[in-house]
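> Per the working numbering, the sequence shown starts with residue 43, numbered consecutively. Glycine included, C-beta positions come from ideal geometry on N, C-alpha and C. Because the structure is a prediction, the values reported are computed rather than measured. I'd like to ask you about the structure that follows.
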Amino acid sequence: MTDPDSRAWHRLFPAEQDALAAAGYTRTWRPDEIIASQGGPPGSMYVLRSGWVKITVTNDRGELAPIAARGPGEIVGELAAITDLPRNATIQAITPVTALVIPATRLRAVLSNRPHIAEELFRTAAIRLEQSAHLHLEAGGPEFPQRLAAILVELAAQCAPDAPADAPIILPFGQEELAAIARVSRSTLIRGLDRLRSLSIVATTRGRVIIERQQQLREFAAGKRTV
43 MTDPDSRAWH RLFPAEQDAL AAAGYTRTWR PDEIIASQGG PPGSMYVLRS GWVKITVTND
103 RGELAPIAAR GPGEIVGELA AITDLPRNAT IQAITPVTAL VIPATRLRAV LSNRPHIAEE
163 LFRTAAIRLE QSAHLHLEAG GPEFPQRLAA ILVELAAQCA PDAPADAPII LPFGQEELAA
223 IARVSRSTLI RGLDRLRSLS IVATTRGRVI IERQQQLREF AAGKRTV
């Protein structure tokens, strides 16, 4: 798994963190509260202190699809705040969330004096673009259980980059959201999950999928036989 320091906030120097903290303020949200809306004004950048959010997009047909989950140490909403363009996704709290909120004008003032922060923000954007591309590629694979396994591997890397290799990972997505990510019906998703459950690779609870055997999941996604 990726080292926790790969999360954007942890890659910044202490003086850079202090500068951003001085430019912003702390706010909390309840579960399911909308933090920022797709198509809305650029507004602020958010540094997640605690809790989890999901990032969703709505296409031209009105279909809603989650594309990522972000947790403590992650920075979200940065591109809109930097470019001053409308937001291209919705940020919604999954759990109670506390975040450092940095208004766009203050953020740009900090970036003008501390270009390394901008470099790290754009690096984060590039990493996320690659993750999104992987999800789209995996969603077009041949047999669905293998394709689903590849999608779960990618989501696990996003949701728990610092998880030990033998630790279970709880994905903060329900079945409807996973079906939207995989671009399949819920019944097809359930059949795929049933296959992975039969191999003791994943378990499911209400509104959650738990990856119980990370290595076996990666092997199954790669087309290797697993037991």
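Give the range of the alpha helix (DSSP H) segment to which A125 is assigned.
Taking the first residue of the sequence shown as 1, we reach residue 125 at position 83. As written in the sequence, residue 125 is Thr, which differs from the Ala given in the question. Counting along the chain, the alpha helix (DSSP H) containing T125 begins and ends at E120 to T125.
> Report yes if the C-beta distance between F186 and A111 is below 8 Å; otherwise report no.
One-based indexing of the sequence shown puts residue 186 at position 144. One-based indexing of the sequence shown puts residue 111 at position 69. Their beta carbons are not under 8 Å apart, which means F186 does not touch A111 by this criterion.
> With a CB to CB cut of under 7 Å and the five nearest residues on each side skipped, what residues in its chain are close to A135?
Residue mapping note: residue 135 aligns to position 93 of the sequence shown, counting from 1. Once the five neighbours on either side are set aside, the close Cβ partners of A135 are W71, R72, P73, D74, E75, I77, G93 and V95.
> What do you reckon, is the C-beta of R103 under 7 Å from a heavy atom of the ligand ATP?
As far as ligands go, the structure on display features none, and thus does not contain the ligand ATP.
> Is Y88 buried or exposed, if buried means 16 or more other CB atoms sit within 10 Å of its CB?
As a first step, residue 88 is located in the sequence shown; it is residue number 46 there, counting from the start. So Y88 counts as buried.
> Using 10 angstroms around the beta-carbon of R248, count the other beta-carbons present and answer buried if the total reaches 16, otherwise exposed.
Taking the sequence shown and counting its residues from 1, one reaches residue 248 at position 206. Burial call: exposed.
> Please report the Cβ distance between L54 and E162, rounded to the nearest whole angstrom; I am assuming they are in contact, meaning their Cβ atoms lie under 8 Å.
The residue given as residue 54 occupies position 12 in the sequence shown. The residue given as residue 162 occupies position 120 in the sequence shown. L54 to E162, Cβ: 6 Å. Contact.
> Which parts of the region 60 to 86 are runs of the beta strand (DSSP E), unbroken and 3 residues or longer, counting only runs that do not cross its ends?
With a minimum length of 3 residues, the continuous beta strand (DSSP E) runs that stay inside the region 60 to 86 are 67 to 71 and 76 to 78.
> Please list the terminal residues of the continuous beta strand (DSSP E) segment that includes V99.
As a position in the sequence shown, residue 99 is number 57, starting the count at 1. Element bounds for V99: V95 to T100.
> For the alpha helix (DSSP H) containing P145, name the first residue and the last one.
Residue 145 sits at position 103 when you count from the first residue of the sequence shown. Where P145 is concerned, there is no enclosing alpha helix (DSSP H), although the beta strand (DSSP E) it sits in stretches over V139 to P145.
> Where do the ends of the alpha helix (DSSP H) carrying I223 lie?
Start at 1 with the first residue of the sequence shown, and residue 223 comes out as number 181. Counting along the chain, the alpha helix (DSSP H) containing I223 begins and ends at Q217 to A224.
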